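The next block holds one structure in the form of structure tokens; read it before the comments.
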Amino acid sequence: DVKVTQSSRYLVKRTGEKVFLECVQDMDHENMFWYRQDPGLGLRLIYFSYDVKMKEKGDIPEGYSVSREKKERFSLILESASTNQTSMYLCASSAPAEPQHFGDGTRLSIL
Amino acid sequence: GDSVTQMEGPVTLSEEAFLTINCTYTATGYPSLFWYVQYPGEGLQLLLKATKADDKGSNKGFEATYRKETTSFHLEKGSVQVSDSAVYFCAPDHTGGFKTIFGAGTRLFVKA
């Protein structure tokens, strides 16, 4: 079974801090994704990666960056956290043209 | 651009009731269509999929048929259980998995 592991279930940070969210998958998937989930808005794609060191902007990349130095790990970085980045963050991975497998999410609060 | 519309929730049903969650989409060409489910405190997981017109996806008693003529992919279950309480997401994808479009989600509550 595919396992996508997000490093924290809950995280509380302060405005202006640099925040790292980590995601690891164990199925050698090429594709990895970061989404944020907000009530009434569904999932919105922040960034995705289709290979090591490759990244593409999603629909809402502003205020975020990503890093993929190893195939199994995809990190989301909030350069200077702001209160409007309080949200649920979901990581996912997939093989090409296959459905995505999701982690359990990180609920991030920015105070 | 591509988009998906699914019925607003929450939907509240009694156990053993019939469930329909409507989903319509606009997309380039003929996308693959997915339903994902999110149980409380968890991430999304694939429930079922269909990859071409008239295909029927099914899993755990849920079904959905790819209707090209109406661009719809409605989710149905004949007899819901309390354990089906979750949020359901309709998701078309014509990009080979790079940019799946997720609907806003429909929350289902099933009462015993």
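Those protein sequence lines, which keep their order, are chains A and B.
Per the working numbering, the very first residue in the first sequence carries number 19; after that it's consecutive.
Per the working numbering, the very first residue in the second sequence carries number -14; after that it's consecutive.
All C-beta atoms, glycine included, are put in the ideal place defined by N, C-alpha and C.
It should be emphasised that the depicted structure is a prediction, and the values quoted were computed from it without experimental measurement.
Outcome for residue i when other beta-carbon atoms lying within 10 angstroms are tallied against a minimum of 16
| i | result |
| --- | --- |
| residue 49 of chain A | buried |
| residue 101 of chain A | exposed |
| residue 11 of chain B | exposed |
Span separating the alpha-carbon of residue i from that of residue j
| i | j | result |
| --- | --- | --- |
| residue 93 of chain B | residue -4 of chain B | 5 angstroms |
| residue 3 of chain B | residue 47 of chain B | 11 angstroms |
| residue 108 of chain A | residue 123 of chain A | 5 angstroms |
| residue 33 of chain A | residue 126 of chain A | 12 angstroms |
| residue 171 of chain B | residue 115 of chain A | Missing from the structure shown is residue 171 of chain B; chain B here goes from -14 to 97 and no further. |
| residue 66 of chain A | residue 42 of chain B | 27 angstroms |
| residue 68 of chain A | residue 83 of chain B | 8 angstroms |
Partners in chain B for residue i, counting only beta-carbon separations shorter than 9 angstroms
| i | result |
| --- | --- |
| residue 122 of chain A | 26, 27 and 28 |
Same chain, Cβ closer than 6 angstroms to residue i, neighbours up to 5 away in sequence not counted
| i | result |
| --- | --- |
| residue 9 of chain B | -10, 56 and 57 |
Chain-ordered chain A contacts of residue i [CB-CB under 8 angstroms]
| i | result |
| --- | --- |
| residue 83 of chain B | 49, 66, 68 and 74 |
Continuous beta strand (DSSP E) stretch holding residue i: start and end
| i | result |
| --- | --- |
| residue 37 of chain B | Where residue 37 of chain B is concerned, there is no enclosing beta strand (DSSP E), given that its DSSP letter is neither H nor E. |
| residue 49 of chain A | 49 to 56 |
| residue 62 of chain B | 60 to 62 |
Amino acids of chain B, ordered along the chain, whose beta-carbon sits closer than 7 angstroms to that of residue i
| i | result |
| --- | --- |
| residue 116 of chain A | 82 |
| residue 58 of chain A | 89 |
Chain-ordered neighbours of residue i on chain B, where CB pairs are closer than 8 angstroms
| i | result |
| --- | --- |
| residue 112 of chain A | 82 |
| residue 29 of chain A | The contacting residues do not exist; residue 29 of chain A stays about 15 angstroms from chain B at best. |
| residue 108 of chain A | 28 and 29 |
Under 9 angstroms by beta carbon: chain A residues contacting residue i
| i | result |
| --- | --- |
| residue 34 of chain B | 117 |
Partner residues on chain A for residue i, Cβ-Cβ distance less than 7 angstroms
| i | result |
| --- | --- |
| residue 58 of chain B | Neighbours of residue 58 of chain B on chain A: none; closest Cβ ~14 angstroms, over 7 angstroms. |
Sequence-distant residues of the same chain with beta carbon closer than 7 angstroms to residue i, five excluded per side
| i | result |
| --- | --- |
| residue 70 of chain B | 93, 94 and 95 |
Interface partners of residue i on chain D, CB under 8 angstroms
| i | result |
| --- | --- |
| residue 96 of chain A | Protein chains in the displayed structure are A and B, and chain D is not among them. |
Any non-hydrogen atom of the ligand FAD within 7 angstroms of residue i CB
| i | result |
| --- | --- |
| residue 72 of chain A | Of ligands this structure carries none, so the ligand FAD is not represented either. |
Spatial neighbours of residue i in its chain, beta-carbon cut-off 8 angstroms, leaving aside the 5 residues before and after
| i | result |
| --- | --- |
| residue 67 of chain B | 0, 95, 96 and 97 |
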